[in-house]
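Under this note's numbering, residues 184 to 546 are what the first sequence spells out, in order. Read through the structure below, which is laid out as structure tokens, and then see the notes.
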Amino acid sequence: MPDSDRDSFFSSALLGWYDPDRRPMPWKAISDPYRIWLSEIILQQTRVEQGLPYFERFVTAYPEVGDLAAAEDEAVMKLWEGLGYYSRARNLLKAARMVVGSHDGVFPDTYAGLRTLPGVGPYTAAAIASFAFGRQVAVLDGNVFRILSRFYNDSTPIDTGKGRKHYQELVDGAMGTADARLFNQAIMDFGALVCTPKQAKCSHCPLTERCKALAENTVYDLPVKEKKLKRRTRYFHFLVLADEKGQTIIEQRLEKDIWQNLFQFPLIETDEPGLGTNALALHANWPDWIATNDLRFVKRSAPLKHQLTHQTIHVVFHHFSWKGMPEKISGKIILNNKMFENYAFPRVITRYLADKSLLLDLF
DNA sequence: AAGACGGGGCG
DNA sequence: CGCCCAGTCTT
184 MPDSDRDSFF SSALLGWYDP DRRPMPWKAI SDPYRIWLSE IILQQTRVEQ
234 GLPYFERFVT AYPEVGDLAA AEDEAVMKLW EGLGYYSRAR NLLKAARMVV
284 GSHDGVFPDT YAGLRTLPGV GPYTAAAIAS FAFGRQVAVL DGNVFRILSR
334 FYNDSTPIDT GKGRKHYQEL VDGAMGTADA RLFNQAIMDF GALVCTPKQA
384 KCSHCPLTER CKALAENTVY DLPVKEKKLK RRTRYFHFLV LADEKGQTII
434 EQRLEKDIWQ NLFQFPLIET DEPGLGTNAL ALHANWPDWI ATNDLRFVKR
484 SAPLKHQLTH QTIHVVFHHF SWKGMPEKIS GKIILNNKMF ENYAFPRVIT
534 RYLADKSLLL DLF
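In structure tokens form, the structure reads like this:
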């Protein structure tokens, strides 16, 4: 049941609290749809501090949407390297090319039009529509779920279709006729600075007098999620194959899996934990294009645990020298020393490569 | 509706 | 170690 009195208290208190300068961001004070779109894609499931340097890199490399549309796929993946959720980078490029190819270089200026761009879902379409075009649409993101579930002491799960619809109605009502651009920025700043997941700043919150979760002492029980996180465990063995000319081999991940389109050292994935190099060379998954009698084992890295949100990956790097490595290998790329900078790698590999002492005996 | 998809920061 | 972050797409 709508509670317009409560809604108007919420929006006026929120806007009274809001000060755009408290959390400055380069895309906040502008209305350029390209930059707003770029920032919103980067910030999906990503903290502002983490995304900010990437935003700067992209704007510098591609000042306008046409520059991005004309970029090489590999250059864009390389610029995105390390940020995660790489489908965002692939869709970023697709969308830029769509804007240039099908919309004459001009971004759609409606919620529905924006939704047709790949990578632009309900949240991002609302954000761009309000920030860039002043459309009267409210954003629904993690902050909004948390703030509204608390303010109304509402235990409706946020991770179901019904829940999303419910909270969209709540936030639409709360925004009312307030300036959408201000309201949306205010509610997200408020979630980041005051109504935080932990250690919420209830002692100086402008909404305390009517916050139901505070009154009921349920602040840290909200919001409610229905689904539990499931985690998969995987075992990755990367083969670092170096020849006497200082060359090594990489391959691109093309399957529908983690790190799609990124590069890696030739990978053997096994179901068994704790496999040593000898057992690996005898394993059924050993690639047929490497004859083990041509290799000389050099060393093996310590086992690394690469912890992701949905996967725990145990990684070992196995170093071999390969005299007479072929000049060409179908489906693989032969790299010489400094060429790593042209290819995007997962963090577990860039971090490994960054260790100078490892690289020394590699080449 | 349920899974899949990264990486980092913080308690 | 578990949770969360300016979510979206596929199945």
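From the three backbone atoms N, C-alpha and C, an ideal C-beta is built for every residue, glycine too.
When beta bridges are read from the DSSP output, V498 appears opposite F419, L487. A residue is called buried when at least 16 other Cβ atoms come within 10 angstroms of its Cβ; P486 does not meet this threshold and is exposed. Within a 10 Å sphere around the beta-carbon of F528 sit 16 or more other beta-carbons, which makes this residue buried. Here L323 has P305, Y306, A309, R347, Y350, Q351, V354 as same chain residues with Cβ atoms under 8 Å from its own Cβ, once five neighbours each way along the sequence are excluded. Measuring C-alpha to C-alpha distances from Y418 to each of S195, D440, L450 identifies L450 as the nearest. Here DSSP, grouped into helix, strand and coil, assigns R230 to coil. Bounds of any beta strand (DSSP E) do not take in T533; it lies within the alpha helix (DSSP H) bounded by 530-536. Per DSSP, reduced to three states, the secondary structure at S504 is strand. Residue nearest to N520 within the set G429, Q319, I224 is G429 (criterion: CA-CA distance). Its chain contains L262 as the residues whose beta carbon lies nearer than 7 Å to that of R240, once the 5 sequence neighbours on both sides are disregarded; these appear in chain order. If you look at T460, you'll find it in the alpha helix (DSSP H) that goes 460-464.
The shortest C-alpha to C-alpha distance from L276 to any of R298, Y245, L424 is the one to Y245. By a beta-carbon distance limit of 8 Å, I532 does not contact I432. Their separation comes to about 13 Å.
Under the three-state reduction of DSSP output, A315 falls in the helix class. With distances taken between CA atoms, N326 lies nearest to P406 out of D202, P406, Y237, S194. When the beta-carbon positions are compared, A375 and R206 come within less than 8 Å of each other. Taken in chain order, the unbroken stretches of alpha helix (DSSP H) that lie wholly in the stretch 329-408 and span 4 residues or more are 344-358, 363-376, 395-399. Taken atom to atom, the span from the alpha-carbon of I341 to that of R329 is near 9 Å. If the five residues before and after K381 are omitted, its C-beta is found closer than 8 Å to the C-beta atoms of Y403, all from its own chain and listed in chain order. In the structure shown, T431 falls within a strand segment according to DSSP collapsed to helix, strand and coil.
DSSP, read as helix, strand or coil, puts F192 in helix. By the Cβ neighbour-count rule, N400 is exposed, with fewer than 16 other Cβ atoms within 10 Å of its own. By the C-beta density criterion, T416 is exposed, having fewer than 16 other C-beta atoms within 10 angstroms.
Distance from the Cα of R414 is smallest, within the candidate group W210, Q490, Y201, T475, for Q490. The continuous beta strand (DSSP E) containing I516 extends over residues 516-519. Per DSSP, I219 lies in no beta strand (DSSP E) segment; the continuous alpha helix (DSSP H) that holds it begins and ends at 216-225.
For the pair R280 and A252, the CB atoms are nearer than the 8 Å cut-off.
Between T379 and the set S338, L331, G359, the nearest pair of CA atoms involves L331. Here the alpha carbon of K482 sits roughly 34 Å from the alpha carbon of V259. Put simply, the backbone Cα of R189 is about 20 Å away from that of S386. Judged by DSSP in its simplified three-state form, F480 adopts strand. In its chain, beyond the 5 residues on either side, P216, I219, W220, E223, F290, L297, V303 have a beta carbon closer than 8 Å to the beta carbon of I311.
The straight-line gap separating the alpha-carbon atoms of D250 and V282 is approximately 12 Å. Between W442 and R393, the alpha-carbon positions lie close to 46 Å from each other. Apart from the 5 residues on each side of it in sequence, A464 sits with its Cβ closer than 7 Å to the Cβ of T475 in its chain, given in chain order.
Counting along the chain, the unbroken alpha helix (DSSP H) around L251 starts and ends at 248-252.
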